[in-house]
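Scroll down for the structure; my scribbles are underneath it.
Residue numbers (the numbering used here), protein chains in the order written: chain A, 1 to 580; chain B, 1001 to 1580.
Pasting the structure below:
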């Protein structure tokens, strides 16, 4: 060992001890007769002092150690004359008696501090230095703790951690697969798994009963801001269970994680029907840290001569409490906000509920004070409130109003990062109609079970069939989702029909699973959590990237490695492929 | 929940309770008035009894349930009249009052028993059924336990579980990479990692100090009997440590696993120099459950007119204790054994140490009783022992005699599966000369540090330089290996020179790592364990395949999925590749 202690553990009770530390130079201060070096490691920072009067050679040596040099320092723990209460080691310092430079360092390309001067690209190129910054290091350590606590909980519940293969078979359904040419099977390809879905179902057929895995998944999608081509899932499945058992088990997991990581005892999770989530919040992942539900005004407002309202499918609004004092400029700003292409609405109608009980709206020309009073009653609006109304196609208007609601929640400070509201969104539709391809897609995936009571609608009104599917939503973020699966070959086959698979396609792609259903498949279901996302939630961050040790950029590149990269012609030849 | 209890937990103390079980029909016995169904799940087997007199309809229904049907049985726990002490649930049975067939099963293609009638190929095609067999299920559960215990130990020692990427960059050094064409970076490829080696070193540069990961690795090699294209490693690295710290830490891990999994307190591991392992056992992974070390006879036996011995580099033997009574036929058998192409020797010389103190050898024509007595003394052979001698090229003879030693150990019952002898083999050579390419290869990998005391030989006699590298060997199986790494850019660069890299190649492939070494890389080192192999060791099996839930066959195929498989032309086009 190059050290007796870490740079985070020495306290007053160690005063007088001879110790050795090893770490990186965070900074050096040269005060004439004294030189102070802040030595940093994973555990903290300890101040080391070199005295010119006592050992000038040693002090000179210390002065030469630049930022990020790796030093081994031997010395005595002494009491600091000016204590630093902001540092855990702030009561002591090390009076150095020996110094070994374990490795030198060039001047790093950016400062190794939370408030670094390095831009994103530079930090990604030197990711190994970026990882030295405390906030990034804390994220990676948080990820370790959340992973460990997940395993502790699931192990204690009798779950088995079972590894499933990474070199599997490509299935055109769903997102695009990454493929891997096989040298030993010329002209053939493996695919990397988008999830272990079929394997975990097979494990249920095998009788393993409670399975989990914290595992990497791969999707070759065009990357959005916060997507990674490889990401990690907490993947779980249980047999002989009903939906309620799964909800309870995994609510228990998340409650455990909040207890361990945040010291928070969460109350029982709220539950909401998918239909209600869409109707009241315009989203299948509503942020319920605040209310501000939608009210529909269509019946109240049509037929009064306002052609904008008369010509649309839906007129819906929210009540922004206490915002009646918004200025013209603020209201214009909100109107511009909803007109942005990302939101795509044509305009915004407002009603101010004045303190004197009167109303002022942008549509005063069409609606009387009594009309507006009726609106206000629908919202339960009080004097001082501001009603915001959008109109248009139902689906689009809900979505836009959902965004506006979040924006108003943000402006009103109703989305506190330290508050956690957990919600199960349930009873998703089984299928969604795709206008482009003119066929149904599975809303969750093709293995999701319809609700038994809706089975008779599967032929007559497939769009109305609800699924035993559920998402876990925390603070408006979907952290996990799952379903009760189909375990009957006939029903699974019917699902593939509905989704437009020919019998041959279904057999070629999922024959092994349908085969397995013929040999005693138990009822089963499960859930998968986005581990990167869950960690970013615990870390109070919006981006998942800083919770991944070596993330890729938005072009799917690892700029540190400079990967992907061309490969040798000989290698391609062995794989029997060539570039086009 | 479809059950109140599992099929493994009911005991006498549950008698009288109303319970519900769910599981698979292991077997049905129809004894006229009574029908017995053995219901199986992951936890065990419970006998269910149906009485024709009491409920003939229910009993008829039970009789129709074939093997591997999934049943839900409700009933009362009653005392068995004829108890079965071989089953944990053997004191009780369930008197059924209700029965639900949760799913039917076709007759499985092989019997779901340890002693199954299914051949390897059939069982791999129906792997989900093979996994129902108790011995396979036990292996998968063992793997879960060993993994969990590994994490418990490493977490308790302050190690951080940090995930490293799977889509990385191809490096021609070492084994062949699997590559993944990038759609978003046309003409470029990711590679799947053969190990997280460079990433774990970067994590040390980042200051994470103690890292581990139980992670998948990939090698596109021609598969030998017990190799898999994807396999799992317990991958570990530590900073600010010397070799001794690593040996102690991971000896601790393995001791912990033996305690938890086997209830065995292992003594301190033995240690052996690589040179001694080769000299005494002809192997870098000697099985030290038994002795039978080599003795060299070259000085004793040359120059006596026996041309076979006079013309060779090495004459080495072992003493098979108590085997002097081997018959002519047995000795001929051993001679044939060493002549097989896998061993490749030209013949075998033996000396029987007779009970009366005389000697009988296959070379009596050339050696007197006194000569043979001198041989026997060199081996410490006693009357009743059998000396077996091989002669030839040193390297080849050692290897062959090593195999013969293992064979004799096997025949003498000295390799008991319940006995565990753990060994560190240390001080491996840094480099090995490759006759084909006429250059040095890294014996461990290019990042392994030479021993400091041998640094001066690196230019003058590179083949003699020893490395700070070590393997952990248990019962003759290499379960792990590692090294202290280079952390100095200059030395790493020198290593790449030695290994025949041009400066440009080294920079293109490992520039990021050498760059990292310029910004304060700490001394570090680590180890990686073959997790599949470790599990098979704990499971007392020779093959790793049955400790992997979904293994591939010797052609790298998953016969259950039928993968790899051709992919759509459209998919290849998107990836900008085509078949040759």
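A virtual CB, placed ideally from N, CA and C, is assigned to each residue, including glycine.
Should residue i go down as buried or exposed, given a rule of 16 or more other Cβ atoms within 10 Å for buried?
i               : result
residue 568(A)  : exposed
residue 1277(B) : buried
residue 969(B)  : No information on residue 969(B) is available, as it lies outside the stretch 1001 to 1580 that chain B covers here.
residue 1606(B) : A question about residue 1606(B) goes unanswered here, because the residues of chain B that appear run from 1001 up to 1580.
residue 522(A)  : buried
residue 433(A)  : exposed
residue 192(A)  : buried
residue 1330(B) : exposed
residue 1319(B) : buried
residue 1490(B) : exposed
residue 495(A)  : buried
residue 369(A)  : exposed
residue 1466(B) : buried
residue 1046(B) : buried
Say whether chain A places a C-beta atom closer than 8 Å to the C-beta of residue i.
i               : result
residue 1358(B) : no
residue 1240(B) : yes
residue 1226(B) : no
residue 1524(B) : no
residue 1193(B) : no
residue 1274(B) : no
residue 1519(B) : yes
residue 1479(B) : no
For the alpha helix (DSSP H) that contains residue i, what are its first and last residues?
i               : result
residue 432(A)  : Unbroken run through residue 432(A) is the beta strand (DSSP E), 431-434; no alpha helix (DSSP H).
residue 1206(B) : 1197-1206
residue 1581(B) : Any question about residue 1581(B) goes unanswered here, given that chain B covers just 1001 to 1580.
residue 153(A)  : 134-156
residue 1236(B) : Careful: residue 1236(B) lies outside any alpha helix (DSSP H), inside the beta strand (DSSP E) at 1230-1239.
residue 333(A)  : 328-339
Along the beta strand (DSSP E) that carries residue i, what are the first and last residues, could you check?
i               : result
residue 1074(B) : 1070-1079
residue 506(A)  : Taken as a continuous stretch (DSSP letters only), residue 506(A) belongs to no beta strand (DSSP E), being part of the alpha helix (DSSP H) at 503-516.
residue 1415(B) : Where residue 1415(B) is concerned, there is no enclosing beta strand (DSSP E), given that its DSSP letter is neither H nor E.
residue 319(A)  : 314-320
residue 1013(B) : No beta strand (DSSP E) contains residue 1013(B), which DSSP labels as neither H nor E.
residue 1426(B) : 1422-1426
residue 35(A)   : 34-41
Counting contacts by CB-CB distance shorter than 8 Å, is residue i in contact with chain B?
i              : result
residue 153(A) : no
residue 267(A) : no
residue 580(A) : yes
residue 106(A) : yes
residue 556(A) : yes
residue 447(A) : no
Following a CB-centred definition, is residue i positioned closer than 7 Å to any heavy atom of the ligand SAH?
i              : result
residue 411(A) : In the structure shown, the ligand SAH is absent, as is every other ligand, since no ligand is present at all.
Just the C-alpha distance for residue i and residue j, rounded to the nearest angstrom, thanks.
i               : j               : result
residue 1480(B) : residue 1139(B) : 20 Å
residue 24(A)   : residue 5(A)    : 14 Å
residue 224(A)  : residue 554(A)  : 7 Å
residue 255(A)  : residue 269(A)  : 9 Å
residue 266(A)  : residue 152(A)  : 19 Å
residue 1493(B) : residue 1515(B) : 11 Å
residue 87(A)   : residue 1238(B) : 26 Å
residue 33(A)   : residue 59(A)   : 9 Å
residue 1216(B) : residue 18(A)   : 43 Å
residue 1390(B) : residue 1263(B) : 41 Å
residue 1116(B) : residue 147(A)  : 39 Å
residue 1282(B) : residue 1473(B) : 14 Å
residue 1102(B) : residue 1062(B) : 13 Å
residue 1232(B) : residue 1219(B) : 11 Å
Tell me the start and end of each unbroken beta strand (DSSP E) in the region 447-476 of chain A that is at least 3 residues and wholly inside, in chain order.
469-474
Which whole runs of the alpha helix (DSSP H) in the region 242-301 of chain A are 4 residues long or more, in chain order?
243-262, 274-281 and 298-301
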